[in-house]
Structure formats: C-alpha cells, structure tokens
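Q: Protein chains in written order, with full-length UniProt numbering: chain A, 1 to 319; chain B, 1 to 319. Virtual Cβ for every residue (Gly too), placed ideally from N, Cα, C.
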DNA sequence: TTGTACGCGTTATCAT
DNA sequence: ATGATAACGCGTACAA
C-alpha cells in the first residue's frame, strides 16, 4: 500500500494538513518543520496520488495526444517537440495510438486537462459530446471544426514550391504524393498543385505515392519509372515520401530540383541537395501548447478558431 | 462542470447509490429503473470520473507504455499489437515518449495499473523505488533486472541466420547493424555473430549501420560500397536496417542471400526476396500483456523472471 | 504556526 | 429494491 500524507504526518508527529502544506512549500509552515517533513517524505518514498488531487482540484496536469498513426518520421519529430514544450509548461504528455474517439473518451474519464489531435480529417474528428467537455486543439489544415486548429497552410507551401521550380527554369513539374486518400492535408497539397500549375501555365503530372511512408513512395516511383521518366522539377508531398523518391534519383543529377514538404532537421542529413518547405516543427509545437494551455487556464470554451502558421522555404546543400 | 452520479440521481428522483448500481448493471436494481437511469445518464452525457473510481477501487484500468524512441517501423508495429491486446484484456494503453524514469514516476502518480517498458539497457532501467510500487514488464533481451523481461533471444536468431547462410553455401558473411551503442539488444546480436561465425569457421565482417534507422543504414552502406563490395551472405540487424541495405542491392542478384532480424508483416511487401528471423510481433505483444495482467490481478511482487520467446525463420518471396 | 473539518465523485456495506 | 453512509487521499477555508 502506498504511503499517504497521513503516514508521513504520523511519522513526523504533525497533522496531515501540515504535511500537505509543507510539501507544496506553503509559506504557512516553518522552514524547520518543512525540511523535516520533506526529508521524511522522501525517505518514505511518498508518491502523491494524482487521483485524489485531481478530485479536489479538478486538475491533472496531464495532456493527451491523439495520434493514431505512429509512423512517419516527420510527425514523430513534431511529437517530440510537443512533449518538450508541454513539459516546460508544467504538463505531462501522454499519447494514445488508439482510435481517436475512444482515446478522447478515455482522456475525458481520466480527467486530463486537455487534448491535442493530429488531425487527418474525418477519421480524426472528435464529436461535440466530447469536445464540449475538455479543451482541444488540432494540428492540420483549416476546416470546419468546433475546436481550434493550427493551420499549416499546405497550399501556401505548395505554391512556394511551384514558384521555386519555375524560377529555376522548370516548365514540367512532377508532384509525388498520396492521391487517393481522405487525409485532408494530402488533398489540399494535391489540389493546390493542380490549380496553381494551371494558373501559372506549367505542365504537371501527379504521381501517386500509394501512401505516406518511405517504402510506399519508393515502390510507387519504381513502378512509374518502368514506363516513364521523372521531370527535372520534382515536388514531394512529405519528408518520408521524399526519402522514397530519392532512392531513384542520382545524387549527381544537378539538373533536377527537388522540393519536399515538411520542415524538420532531418533534411540536413540527406546527401542529395534538396529544398524543403514547411513550418518548423518547433514552431508548430509551441503554438499548439501556447493555445491549449491558454484555453485550459482561462477555462474558456473551445471555439472554432483557425490559427495560421506560415511555411518557409529552405535549401539543404549536399553534405 | 461535468455531470455526476448525483445529478443523474436528482433527475431520476432516486438516490445516487442506486444510480451507481444501475450503471454497473447490478442485479440489485429493477430492470425498469435501470433502463430509466441508463437512458438519462446517456442523455445527460455522463462521463464517469476515473479519479474518483480509482481512489476507492485502487484501479485505473490503464497501462503506461514507456517508449522513449518513437521511430523504427518494427517497434511501431509491436506497439500497435500491444495496444490491441491490452484493449482485449480490458485496459487502456497510453504511451509516454519522455525519459523513462520521469514517465514511470508520472504513471505512478496517475495510479496506472501497470507499466510496460521497451527496454534498451541502462538508459531505460527503472529504479526499485518505482518498480516496488507497480507491476512492470520489460521487452528486450535477458539481463539482470528487478522485474520480469520478455527475452526474444537475439542470439538464437542470429545463429539461425548464420546457419541458413552456411547452408546456402556462403562462406563469407557480412553483418550490418549498429555496432557502437549501449543498446543491449544490438550488442547481443553483434557478439553472437562474432562468436558463432568463429565457431563455425566462416569469415565475417561487421559493418556499422551507424544507427537503427533506414536512413542511417542506407548512408552507411553507401560509404562502405565506395571501397569494398558486399559478400553474398548478408545479415541485417533489423527490418529498418534491411530497408536501408536494400537500396544498394540489385533485386535480380540471386546470388545473394539476405536475412534480417525482426518478424513483422511488412517483410511481405518487400520486392527483393528476403529471409527474416524473429519472434512475431503478435506473439511478443500477447506475452507482454498476459504476464502483466496476471501480475496485476494476482497482486504479486515484480520478480526478476525471464520469459523466453523463440524466433522463427521465414522466407519472403519476390512479390 | 498548526490542526480540524468538509468536500471532491465514486464504490461498497449496511439499513431500511 | 432502494437509500444512507463511510471511506478512498488530498486541498483548503477556517478555527485554535
């Protein structure tokens, strides 16, 4: 049986409310008794009971992250940054790889203070039944939602990519990304390419990566190359897809310009010169945390706000 | 403010203890009132308070998974299987990507029912201070630990791999894996290769993959190939490393025999014929869950038991 | 400065 | 069949 405040109180010959105060450094307790109590608590290996605390304070200092698809390097990096940012802000982050609605329901039952969703569209939408009861923030692309979402402007990013390729003199562009999907982020990228290339009057082809992982992209490009050849202006839908594409691109082919979506440090260790465009993972993380904690601390309702973050273009030279 | 049992009681004109019973289908309540209460509860969007439950029952029906390095495909697959198995067993799984000791401490404070650790050696070792207070099970390779560990016999697996290569007539073997690391799993693989190849009197080389990710392996092999060439018997330390190595292997090179550690379904979609050797992820998952839940339900102390799981060899033909 | 007492939402035991 | 009540561990307003 775990050690409780009472146990410590008995040991120290004080009442348990004094112990409670002492352990949270209340000014209402003498330094001397405080020290004694803390020492004892430590010696007895006291572990505060969050359930009890949460019952009285209505706070768990814990945030749940809903992240159904634990793969893809890019998003892993983001999760790590979010974890750090939350720690800084005094929260513990916990992730569920379960189905989003089940995950959120459990988070509610556990009385977590807030939830973050890596939004992918329909499949990750949380019902109001849930979101009326806990601060929520999503990360993804702007869409009709009863809770705030960090919008990373995939369309803006894709336009920058196209502009860059045009500037480099490429009139033929290949976009490699996931085409047949419900993931709204992927859809936006694809549609932007279509519209913007037409607007700018450059030729483009859409090549289906058949998924978001490196392996899927690698195989898709391989199939493609059996009958066709890649143009010199290439846009990849994500870091992982770029990795898959690069298997088939000669590093010494300096004709080609490759631009990939995402903005993570891993691009720096690629051996082929490459451009990337996206919002830095740190920035996304700190924005998520800032908005969520504000909403928690003010106790305000979730509102359908869209928080815009703008991508930036970077060049990664050959290492 | 969240709906409580009391609120429902008032609405239904019964006492809240009746509501409590009704909602857990106690036989002590009439079907009629039960139905009425359940209906109301649903309508009022009642969400049970796990903190309160946990306080009285000492159970949270939640398990924490400690998984500091969310990358690598192979282990992601395992996590997914563990999540499923725990769900079947009536538990909710939650993962922390934080530093293992902090994660475990928080799990304790949250009064989770048990913790699973993806063990990597020193860096993921939990102190007794913690493990004396909660059922723990690790996944990794046998080592001195105050709590049970599922041992997947990397050495057995590597021996099978070497035997296979010898049988296929290869007297020169290349092992590609992470060589300079504290990760005990990698160390065991490496050392087994060394000893067993010497015992069997076959030539071998150790090639450092410089990490456990596909990208690291890919670059390492590329460097290697600048001055040397790969032997026809190749052993890869993991699925991800194999993926990195395959970038440099011609699919049509039927001279080569490639064996990779791990046993996950992803091997089936590789386009190069490949062998794999390892314990199936499902089996690891169900073993982890079985032992942990037994330990939770019997309330027994953590003991330093080693649970052995044996790898099996599989061939994946060209798709 | 320290102690007492109440309440948080729930379960479980005991009366009714 | 239903209701009243104690207890779980803790925070805090109030009393001493």
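Quick one: measure Cβ to Cβ for residue 184 (chain A) and residue 120 (chain A), integer angstroms, because I've assumed they're closer than 8 Å.
A: With a Cβ gap of about 7 Å, residue 184 (chain A) and residue 120 (chain A) count as contacting.
Q: Does the separation of the CB atoms of residue 206 (chain B) and residue 47 (chain A) fall below 8 Å?
A: The answer is no: Cβ separation not under 8 Å.
Q: Among B:178, B:146, B:201, which has the Cα closest to the Cα of residue 214 (chain B)?
A: B:178
Q: Can you find a CB in chain A that lies within less than 8 Å of the CB of residue 243 (chain B)?
A: yes
Q: Is there a Cβ of chain A sitting closer than 8 Å to that of residue 109 (chain B), yes or no?
A: yes
Q: Between the segment 283-292 of chain B and the segment 264-271 of chain B, do three or more beta carbon pairs fall short of 8 Å?
A: no
Q: For residue 353 (chain B), return the contacting residues in chain A, with the cut-off set at a CB-CB distance below 8 Å.
A: This structure gives no information on residue 353 (chain B), because the portion of chain B shown stretches from 1 to 319.
Q: Under 8 Å, do residue 309 (chain A) and residue 287 (chain A) count as touching if we go by C-beta distance?
A: Against a cut-off of 8 Å, the Cβ pair of residue 287 (chain A) and residue 309 (chain A) comes out as a contact.
Q: How would you call residue 157 (chain A), buried or exposed, if buried means at least 16 neighbouring beta carbons within 10 angstroms?
A: buried
Q: Where does the unbroken alpha helix (DSSP H) through residue 126 (chain A) begin, and where does it stop?
A: Where residue 126 (chain A) is concerned, there is no enclosing alpha helix (DSSP H), given that its DSSP letter is neither H nor E.
Q: So is residue 335 (chain B) in contact with chain A if we call contact Cβ pairs under 8 Å?
A: Nothing about residue 335 (chain B) can be read from this structure; chain B reaches only from 1 to 319.
Q: Using the Cα positions of residue 284 (chain B) and residue 55 (chain A), report the straight-line distance between them to the nearest angstrom.
A: 37 Å
Q: Check distances from the C-beta atoms of the segment 41-58 of chain A to those of chain B and list, in chain order, the residues that come in under 7 Å.
A: Cβ contacts with chain B: 45, 47, 48, 49, 50, 51, 52, 54, 55.
Q: For residue 189 (chain A), which residues of its own chain have a beta-carbon under 6 Å away from its beta-carbon, when the five flanking residues on both sides are left out?
A: 154, 158, 177, 237
Q: Which term fits residue 102 (chain A), buried or exposed, when burial requires 16 or more other beta carbons within 10 angstroms of its beta carbon?
A: Counting of Cβ neighbours within 10 angstroms places residue 102 (chain A) among the exposed residues, the total staying below 16.
Q: Do the CB positions of residue 33 (chain A) and residue 97 (chain B) come within less than 8 Å of each other?
A: no
Q: Indicate whether at least one CB of chain B lies closer than 8 Å to the CB of residue 106 (chain A).
A: yes
Q: Hey, how far is the Cα of residue 88 (chain A) from the Cα of residue 52 (chain A)?
A: 24 Å
Q: Report yes or no: do the segment 14-32 of chain B and the segment 295-302 of chain A share at least 3 C-beta pairs separated by less than 8 Å?
A: no
Q: Nearest to residue 330 (chain B) by CA position, among B:78, B:45, B:36, is which residue?
A: The displayed coordinates of chain B run from 1 to 319. Any statement about residue 330 (chain B) would go beyond what the structure contains.
Q: Please report how far the alpha carbon of residue 136 (chain B) lies from the alpha carbon of residue 276 (chain B), in whole angstroms.
A: 30 Å
Q: Mind checking which residues open and close the alpha helix (DSSP H) that includes residue 52 (chain A)?
A: Residues 50-57.
Q: If the cut-off is 9 Å on Cβ atoms, which residues from the segment 126-137 of chain A count as contacting chain B, listed in chain order?
A: 129, 130, 132, 133
Q: Just how far apart, CA to CA, sit residue 208 (chain B) and residue 180 (chain B)?
A: 8 Å
Q: Select from the segment 72-96 of chain A all residues with a C-beta closer than 8 Å to any C-beta belonging to chain B, and list them in chain order.
A: 73, 76, 79, 80, 83, 87, 92, 93, 94, 95, 96
Q: Just confirm the distance between the C-beta atoms of residue 104 (chain A) and residue 115 (chain A), as a whole number of angstroms; I'd bet it's less than 8 Å.
A: Rounded, the Cβ-Cβ distance is 6 Å, consistent with contact.
Q: Is it buried or exposed, residue 82 (chain A), if we count other Cβ atoms within 10 angstroms and call 16 or more buried?
A: buried
Q: Could you work out which residue in B:133, B:221, B:138 is closest to residue 123 (chain B) when comparing CA atoms only?
A: Selected option, being the one with the closest Cα: B:138.
Q: Just the C-alpha distance for residue 63 (chain B) and residue 100 (chain A), rounded to the nearest angstrom, thanks.
A: 17 Å
Q: What separation, rounded to the nearest whole angstrom, lies between the Cα atoms of residue 152 (chain B) and residue 77 (chain B)?
A: 16 Å
Q: Going by C-alpha distance, which of B:133, B:40, B:43, B:163 is nearest residue 257 (chain B)?
A: Of the residues B:133, B:40, B:43, B:163, the one whose Cα lies closest to the Cα of residue 257 (chain B) is B:163.
Q: Go through the segment 138-178 of chain B residue by residue and report every complete run of the alpha helix (DSSP H) that reaches 4 residues or more, in order.
A: 154-167
Q: Tell me where the alpha helix (DSSP H) around residue 255 (chain B) begins and ends.
A: It is not in any alpha helix (DSSP H) - residue 255 (chain B) carries neither H nor E in the DSSP assignment.
Q: By the DSSP assignment, the beta strand (DSSP E) with residue 208 (chain A) in it spans what residues?
A: 203-208
Q: Look up residue 93 (chain B) in the DSSP assignment and give the residues it is bridged to.
A: Within the DSSP bridge table, the entry for residue 93 (chain B) names B:63 as partners.
Q: Starting from residue 278 (chain B), follow the beta strand (DSSP E) in both directions and report where the run begins and ends.
A: 274-278
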